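Please read the structure below before turning to the comments.
Residue numbers (our numbering): 99 to 190.
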């Protein structure tokens, strides 16, 4: 799969229950794509505080100065972010 031509974030859940998480992630290794994993059901994703936090964080960015999702500090306890190809090796 070819990555989208704009900065893109996939917020996905391995516990979705409807959509296979492997179908929801961006291909690894592209500098302007990222994958953020949250624990949520398919229908619960839209009400999940972690998913909503990640969405708000991504939308507040200027696309011309895009940066990856920051999991520093306490966020590292709640979010699983895969930036490197080896982190998603089990997805392919």
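We treat Cβ as the ideally placed atom computed from N, Cα and C, and that holds for glycine. Please read these numbers as outputs of a predicted model, since none were measured by experiment.
{"query": "Going by the C-beta, is residue 148 closer than 7 Å to any heavy atom of the ligand GTP?", "result": "Absence of the ligand GTP from the depicted structure is noted, as is the absence of any ligand whatsoever, leaving it without description."}
{"query": "Pick helix, strand or coil for residue 134, following the three-state DSSP scheme.", "result": "strand"}
{"query": "Can residue 134 and residue 179 be called in contact, C-beta distance under 8 Å?", "result": "yes"}
{"query": "In chain order, what are the residue ranges of uninterrupted beta strand (DSSP E) at least 3 long that sit wholly in the region 113-180?", "result": "131-135, 178-180"}
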